[in-house]
Amino acid sequence: MEWLTMKQWSPYVVGAAIGLLNCVAFLLSDRPIGCSAAYARTSGMIERLFRGAKVALKPYYRQFAPVVEWEGMLVLGIILGAFLSAKLSGQFRLALVPHRWAEAFGVAPWGRLMAALAGGIFIGLGARWAGGCTSGHGISGTMQLAVSSWIAAACFFAGGIATAMVIFRALGA
Amino acid sequence: MLKGFRASKQVQLAVGLLIGLAFGFLLQKGGVTSYDVILGQLLLQDFTVVKVMLSAVIVGMVGVHMLVTLGLAEMHPKAGSLGGTAVGALIFGVGFGLLGYCPGTIAGAVGNGSLDALFGGLTGALIGAGLFASLYPALERKALHRGDFGDVTLPRLLKVRPWLLVAPMAAALGLLLVVVERAGL
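Chains U and V, in that order, are what the protein sequence lines are. Add 818 to the 1-based position in the first sequence for my numbering, that's all there is to it. Counted from 1, the second sequence has number 106 at position 119 by my numbering; the numbering is strictly sequential.
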């Protein structure tokens, strides 16, 4: 069982297994793997705690009801699965500032936290705006040869590459 | 039997959790729950993310089309438009570059112990998704239906049988991976 404690597997093995996993989702659940709808539903659940039942009447939450659904369980599972993998290989480590960020901008946590928060807001907004994320469009949609998903995947990476280049090449030390 | 299995809510929540467990385990083992690896991809220095994604697409594409051919599954292509899909995905891209995780890998990075993913990414993504829900009525009127092209797939667009595209696409993406590997990326 040495493979369970390995730090990293071949990206091709991991990718192929994710492709198979997506087939399992189609077979057992009649749906592709996707993550971002769970964020909208959870956001609605949190908002409902503060503002009450009327939140569920918002037009968007009529389509994506603020309840725990398949994708919510999937995201919870991802946290647990990654934790398990990291624990088994001894890679679990609480860290606030990643290496690459620290090399360019130093180890001060506030800058990284603000960038991550801003990035998270853009990701949450953009994923729902586009109707999916790197999983739902980028893997599950492209493999169905959906036109919308190939456009989305191209734009995810175009925007991501441009932003990363600006941050690290133009602003980074 | 498959029908009853798919219709049971409790069973499906459990299936979602189990698939998530496997997905998270794989993402972590692939190294793609790491900010350093994802930024390496966006800076075009480390092609791990592309290798994982393209391998998944090749295997998944062949597998899902096989399931459909066998009558065991149905396709669920997402509808899209320029004002929705393209604009939204570019906004997502900016966030991808700033945060260094996507909605799935945020969760994986949280499992890794990355606190920037927890306090920054997860919190931000919930705020962003809530923001979209609030803006939705206005966006629906003004942006989301601009340049609408529906849930069309490449085979339907080109009016060919799906397998006629699946085979060459799988070969082309495979070749791309060989090129990336040969280039030492």
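Glycine included, C-beta positions come from ideal geometry on N, C-alpha and C.
Roughly how many angstroms lie between the CA atoms of residue i and residue j, to the nearest whole one?
| i | j | result |
| --- | --- | --- |
| Pro829 (chain U) | Phe974 (chain U) | 20 Å |
| Gln(-3) (chain V) | Leu898 (chain U) | 19 Å |
| Met156 (chain V) | Phe12 (chain V) | 28 Å |
| Leu822 (chain U) | Leu906 (chain U) | 7 Å |
| Gly107 (chain V) | Ala936 (chain U) | 8 Å |
| Thr140 (chain V) | Leu912 (chain U) | 43 Å |
| Leu152 (chain V) | Ala945 (chain U) | 27 Å |
| Ile957 (chain U) | Val74 (chain V) | 19 Å |
| Ser255 (chain V) | Lys825 (chain U) | No answer is possible for residue 255 (chain V): the residues shown for chain V start at -12 and end at 172. |
| Met40 (chain V) | Pro877 (chain U) | 33 Å |
| Gly115 (chain V) | Gly942 (chain U) | 4 Å |
| Val49 (chain V) | Lys65 (chain V) | 19 Å |
| Leu838 (chain U) | Val2 (chain V) | 15 Å |
| Ile851 (chain U) | Arg169 (chain V) | 31 Å |
| Asp138 (chain V) | Ala934 (chain U) | 32 Å |
| Val885 (chain U) | Thr110 (chain V) | 18 Å |
| Ile939 (chain U) | Leu113 (chain V) | 7 Å |
| Met(-12) (chain V) | Phe923 (chain U) | 56 Å |
For residue i, which of the options has the nearest alpha-carbon?
| i | options | result |
| --- | --- | --- |
| Arg918 (chain U) | V:Leu57, V:Gly171, V:Gln32, V:Gly75 | V:Gln32 |
| Pro149 (chain V) | V:His52, V:Ala94, V:Ala125 | V:His52 |
| Asn99 (chain V) | V:Asp23, V:Gly47, V:Ala1 | V:Asp23 |
| Arg133 (chain V) | V:Ser(-5), V:Gly117, V:Leu69 | V:Leu69 |
| Phe844 (chain U) | U:Ala858, U:Gly959, U:Ser903 | U:Gly959 |
| Ala43 (chain V) | U:Gly895, U:Ile896, U:Asn840 | U:Asn840 |
| Gly(-9) (chain V) | U:Gly833, U:Gly837, U:Leu846, U:Leu838 | U:Leu846 |
| Leu902 (chain U) | V:Val147, V:Leu162, V:Gly7 | V:Gly7 |
| Ile836 (chain U) | U:Ile896, U:Leu931, U:Gly908, U:Ser967 | U:Ile896 |
| Arg866 (chain U) | U:Pro850, U:Cys853, U:Ala883 | U:Ala883 |
| Thr952 (chain U) | U:Ala971, U:Phe940, U:Gln962, U:Gly938 | U:Ala971 |
Does any CB atom of chain A fall closer than 7 Å to the CB of residue i?
| i | result |
| --- | --- |
| Lys(-10) (chain V) | Structure shown: chain A not included; protein chains present are U and V. |
For the ligand ADP, is there a heavy atom less than 6 Å away from the beta-carbon of residue i?
| i | result |
| --- | --- |
| Met891 (chain U) | Of ligands this structure carries none, so the ligand ADP is not represented either. |
Next on the checklist: To test your reading of the DSSP string, which unbroken alpha helix (DSSP H) runs of 4 or more residues are found completely within the region 827 to 904 of chain U?
Outcome noted: Look at the region 827 to 904 of chain U and you find these whole runs of alpha helix (DSSP H), each 4 residues long or longer: 829 to 847, 854 to 869, 877 to 881.
Item to check | Sequence ranges, alpha helix (DSSP H) only - wholly within the region 7 to 46 of chain V, length at least 4 | outcome: Listed in chain order, the complete alpha helix (DSSP H) runs (minimum 4 residues) inside the region 7 to 46 of chain V are 22 to 29.
Checklist entry - Closer than 8 Å, Cβ to any Cβ of chain V: which residues of the region 866 to 880 of chain U, in chain order? => result Lys876, Pro877, Tyr878, Tyr879
Checklist entry - Which residues, taken in chain order from the region 832 to 848 of chain U, show a beta carbon closer than 7 Å to some beta carbon of chain V? => result Val832, Gly833, Ala834, Ala835, Ile836, Gly837, Leu838, Leu839, Asn840, Cys841, Val842, Ala843, Phe844, Leu845, Leu846, Ser847, Asp848
Checklist entry - When the Cβ atoms of the region 872 to 890 of chain U are set against those of the region 81 to 98 of chain V, are three or more pairs found closer than 8 Å? => result no
Item to check | Segment contact, 8 Å Cβ cut-off, at least three pairs: the region 117 to 135 of chain V with the region 853 to 865 of chain U | outcome: yes
Item to check | 4-residue-minimum alpha helix (DSSP H) runs that sit fully inside the region 916 to 979 of chain U, ordered along the chain | outcome: With a minimum length of 4 residues, the continuous alpha helix (DSSP H) runs that stay inside the region 916 to 979 of chain U are 917 to 923, 927 to 948.
Checklist entry - Just by C-beta distance, which residues in the region 3 to 26 of chain V are closer than 7 Å to chain U? => result Gly3, Leu4, Leu5, Ile6, Gly7, Leu8, Ala9, Phe10, Gly11, Phe12, Leu13, Leu14, Gln15, Lys16, Gly17, Gly18, Thr20, Tyr22, Asp23, Leu26
Checklist entry - Any chance the region 963 to 983 of chain U sits against the region 25 to 39 of chain V, with 3 or more Cβ pairs inside 8 Å? => result yes
Checklist entry - What residues from the region 54 to 72 of chain V come within 7 Å of chain U, judged by C-beta to C-beta, listed N to C? => result Leu54, Leu59, Ala60, Glu61, Met62, His63, Pro64, Lys65, Ala66, Gly67, Gly71, Thr72
Checklist entry - Using Cβ-Cβ distances below 9 Å, what residues of the region 114 to 140 of chain V are close to chain U? => result Ile114, Gly115, Ala116, Gly117, Leu118, Phe119, Ala120, Ser121, Leu122, Tyr123, Pro124, Leu126, Glu127, Ala130, Leu131, Phe136, Gly137, Asp138, Val139, Thr140
Item to check | Whole alpha helix (DSSP H) elements within the region 54 to 129 of chain V, 4-residue minimum | outcome: 74 to 86, 90 to 99, 110 to 129
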